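Step one of this worksheet: look at the structure below.
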Amino acid sequence: MTSSGREWDTEGQEKRVALVTGGNRGIGLEIGSQLSRLGYRVVLTARDGRRADEAAETLDGWASGDVAGVSMDVTDDESVRAGFEQAVKLFGAVDVLVNNAGIAIDGPEHRASAPDLDKVHKTLETNLFGAWRCAREAIPLMRGRGYGRIVNLSSTMASLELTGTPSSPAYRISKAGLNMLTKVLAAELQYDGILVNAASPGYTRTDMSPDAERPVEEGADTPVWLATLPDDGPTGGFFFDRKRLSW
Ligand SMILES: NC(=O)c1ccc[n+]([C@@H]2O[C@H](COP(=O)([O-])OP(=O)(O)OC[C@H]3O[C@@H](n4cnc5c(N)ncnc54)[C@H](OP(=O)(O)O)[C@@H]3O)[C@@H](O)[C@H]2O)c1
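Heads up: the sequence shown is residues 632 to 878, going by the numbering used here.
In structure tokens, the structure reads:
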């Protein structure tokens, strides 16, 4: 550890720092866990700072001081700003942002023709604006180091081409917006060393999808792959099981 908070591995490579939003449970916690095992320094953020700390303590890198919990509500500008400030204070950088925090509060019966606009606003505020706020904080840090990876947790339910049913319009629209955010950020940042991609984890067993069969280890695989891409890796893509998914 140095006074800047940055740290190097045994081969002299600087350890990358990954910040995962909504990292206290589900797919986010598993992404943090896999990144920690790959040697990344990991900041797990959660709305409740105590739960962030408890989750961080379960990861491999905790004992060596390479994992930390930080409080962050992605719907709140000041909370996001303070969370990034804390991450930089702890580890000196944010090289990887995984926009994982998400909610699915409009059920399969919700219809776009009779919208509960309160639910729509809440969903967009978390799934789209939450990710956007975090990107706004992360990008100057990444630009300063000429390196960055941004991974947005999207869904096959956001695919314009694959969607043929009217269910859960707020969730679908929030993630379709996130997909476009992925495309425009990727275009803007293509000469800055920052790769921006969207991942569908698949229908994965978590609190959000308790009936799903897919384990979190599989749901986290594609986001982790995108978080750890080499410099010549893809940008502006939408992936499921490491393969391109139709927008
Ligand atoms: N599971 C699936 O089948 C599936 C499929 C496609 C896409 N996804 C996407 O994958 C991501 C992770 O889903 P999951 O299944 O792991 O869901 P989950 O178990 O419900 O976890 C969601 C996480 O997001 C956090 N969160 C929600 N609102 C937040 C806010 N305002 N600020 C900060 N954190 C917030 C939650 O924190 P709290 O504990 O504080 O609530 C929790 O840590 C989501 O973006 C989801 O849309 C999931």
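Idealized CB from N, CA, C, for every residue including glycine. The structure displayed is predicted, hence computed values, not measured ones.
Using 8 Å for Cβ pairs, my map puts residue i next to residue j. What's the rounded Cβ distance?
i           : j           : result
residue 712 : residue 768 : 6 Å
residue 766 : residue 728 : 7 Å
residue 686 : residue 677 : 7 Å
residue 876 : residue 794 : Residue 876 to residue 794, Cβ: 12 Å. No contact.
residue 777 : residue 850 : Contact doesn't hold; Cβ gap of about 31 Å is too wide.
residue 746 : residue 797 : Actually they are not in contact, since the Cβ atoms of residue 746 and residue 797 sit about 11 Å apart, beyond 8 Å.
residue 842 : residue 657 : Not quite, the Cβ-Cβ distance comes to about 14 Å (not below 8 Å), so this is no contact.
residue 867 : residue 818 : 7 Å
residue 772 : residue 725 : 5 Å
residue 647 : residue 671 : 5 Å
residue 848 : residue 661 : 6 Å
residue 853 : residue 869 : Contact doesn't hold; Cβ gap of about 10 Å is too wide.
residue 717 : residue 701 : 5 Å
residue 789 : residue 806 : 3 Å
residue 692 : residue 673 : 6 Å
residue 749 : residue 802 : Residue 749 to residue 802, Cβ: 14 Å. No contact.
residue 792 : residue 878 : 6 Å
So who's on the other strand from residue i, going by DSSP bridges?
i           : result
residue 699 : 674
residue 728 : 650 and 781
residue 831 : 871
residue 639 : 645
residue 826 : 780
residue 682 : Answer by DSSP bridge pairing: none, since residue 682 is not bridged.
residue 845 : 835
Can you tell me whether residue i sits near ligand 2, meaning its C-beta is under 7 Å from at least one heavy atom of the ligand?
i           : result
residue 797 : As for ligand 2, it is missing from this structure, which binds only ligand 1.
Do the segment 801 to 813 and the segment 852 to 861 meet, that is, are 3 or more Cβ pairs less than 8 Å apart? no
As an exercise, report each continuous beta strand (DSSP E) stretch of at least 3 residues that is fully enclosed by the segment 733 to 819, in chain order. 779 to 784
Using 8 Å as the threshold, is the segment 774 to 791 in touch with the segment 744 to 755, meaning 3 or more CB pairs across them? no
When the Cβ atoms of the segment 722 to 741 are set against those of the segment 652 to 664, are three or more pairs found closer than 8 Å? yes
So, does the segment 703 to 721 touch the segment 662 to 680, judging by three or more C-beta pairs under 8 Å? yes
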